[in-house]
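In my numbering, the protein residues as written are 26 to 92.
Everything on this sheet refers to the single structure shown next.
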Amino acid sequence: VKFNEKGGIVETLGDLSGNAHPMVTSMREHKGYLFVGGILNNRIGRYKIAGADPNWTSPASYWGGKP
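Next comes the structure, spelled out in structure tokens:
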């Protein structure tokens with residue numbers, strides 16, 4: 026789910042067919058992609074995020090490097 030600055034929903038993603046990723050239980054943004062997984066899935070999904078920073082990684086991008 027993508028929210029705007031006021032908390033309104035702007036966009037949602039999902040596998041409406043239920044074939045590729047029937048249950049998403051975890052996700053992580055990394056270098057311009059959203060990686061998704063699920064406890065019942067036998068694969069990891071990768072979705073390119075339009076306009077995302079290709080250098081953004083986590084957790085260093087959240088909190089900075091270790092001192």
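Note that the Cβ used here is the ideal one computed from N, Cα and C, for glycine as well.
Whole-Å CB distance - residue i paired with residue j, under 8 angstroms assumed
| i | j | result |
| --- | --- | --- |
| GLU54 | ILE69 | Going by Cβ atoms, the distance from GLU54 to ILE69 rounds to 14 angstroms, so no, they are not a contact pair. |
| VAL35 | VAL49 | About 18 angstroms; that fails the 8 angstroms criterion. |
| PRO47 | ASN67 | Actually they do not touch by this definition, with Cβ atoms about 10 angstroms apart. |
Residue i: first and last residue of the uninterrupted alpha helix (DSSP H) it sits in
| i | result |
| --- | --- |
| SER86 | 85 to 88 |
For residue i: DSSP bridge partner residues
| i | result |
| --- | --- |
| GLU36 | LYS27 |
Under 8 angstroms between C-beta atoms of residue i and residue j
| i | j | result |
| --- | --- | --- |
| LYS56 | TRP81 | yes |
| TYR72 | LEU38 | yes |
Just list the beta strand (DSSP E) runs in the region 49 to 77, keeping only unbroken ones of 3 residues or longer that don't cross its boundaries, in chain order.
-> 51 to 55, 58 to 62, 70 to 73
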